[in-house]
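> When you read off a place in the sequence shown, starting at 1, and then add 6, the result is the number in my numbering.
Just dropping this structure here.
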Amino acid sequence: MQKNHPLRRSWASDAEEAIAAKIPETSVGQAAPHPAENPRDTLDTLFGGQLRLYQSSKGYRVSLDAVLLAHFVSLTGTQNIADLGTGNAVIPLILACLHSSISITGVELQESMRYRAHRNIRLNGFAERVNIARGDVRSIEQVGPQGSFDAVTCN
């Protein structure tokens, strides 16, 4: 990964570089939808462009805490993961890049964030392994019965 890549965010760290080293080059999905779909969204990248995501130019934006959280999740084998309050799905996307055998359900209440999450999942080619459920973190049992998930993340 190039340290001076033109799309690289200034807050990138050694942890991001360590994660990027584990992501196969083939993980980048299909061509991006036209950015005019929502003029308030920006198209940003992580890991030297290997992961792309749309996010609102205002409000919550991806930061180092999401990158670190995804990096510190310890997973083995085929597992079902839930990400509560998934937002634009950055944690499920990073986990999908790092662990090819897992499936992830992002849980999000806000419609605009769910829309961005779906858009980002398609953009990066993970629609087979990452899905987004409408739900409230206070009522996780509506997303799946107890024992449905092997691990849960929440940022």
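Positions of the beta carbon are idealized from the N, C-alpha and C atoms, including for glycine.
1) In angstroms with no decimal places, state the Cα-to-Cα distance between T84 and G153.
2) Can you have a look at S109 and say buried or exposed, based on whether 16 or more other CB atoms are within 10 angstroms of its CB?
3) Taking C-alpha atoms, which residue in L49, A88, C160, D71 lies nearest to A139?
4) Can you list, in chain order, the stretches of the beta strand (DSSP E) that have 3 or more residues and sit fully within the segment 42 to 98?
5) Measure the beta-carbon distance from L115 to D142 and round it to whole angstroms, keeping in mind my assumption that it falls under 8 Å.
6) Starting from E147, trace the beta strand (DSSP E) both ways and give me its first and last residue.
7) At the level of alpha carbons, what is the spacing between K64 and M119?
8) For R46, which residues from the same chain have a beta carbon less than 6 Å from its beta carbon, with the 5 sequence-adjacent residues on both sides left out?
9) If you draw a straight line from the alpha carbon of N86 to that of S69, how long is it in whole angstroms?
10) Does DSSP put S154 in a helix, in a strand, or in coil?
11) Can you grab the Cα-Cα spacing for the pair E117 / T82, in whole Å?
12) Starting from I138 and walking both ways along the beta strand (DSSP E), at which residues does that stretch end?
13) CB I97 to CB A133, shorter than 9 Å?
14) How is I29 classed by DSSP in three states: helix, strand or coil?
15) Is L75 closer than 9 Å to R122 when the C-beta atoms are compared?
A quick look at the data gives this:
1) 15 Å
2) Classification for S109: buried.
3) A88
4) 47 to 52, 57 to 62, 86 to 90
5) 5 Å
6) That residue, E147, is in no beta strand (DSSP E); it is neither H nor E in DSSP.
7) 12 Å
8) S62, S63
9) 25 Å
10) coil
11) Rounded to whole angstroms, the separation of the alpha carbons of T82 and E117 is 32 Å.
12) Judged by DSSP secondary structure, I138 falls within the beta strand (DSSP E) whose first and last residues are 136 to 140.
13) no
14) Here the model assigns I29 a pLDDT of 46, short of 50, so the residue's position is not dependable, and the following value carries that caveat. In the structure shown, I29 sits in coil (DSSP, three-state: anything other than H, G, I, E or B).
15) For R122 and L75, no; Cβs fall outside 9 Å.
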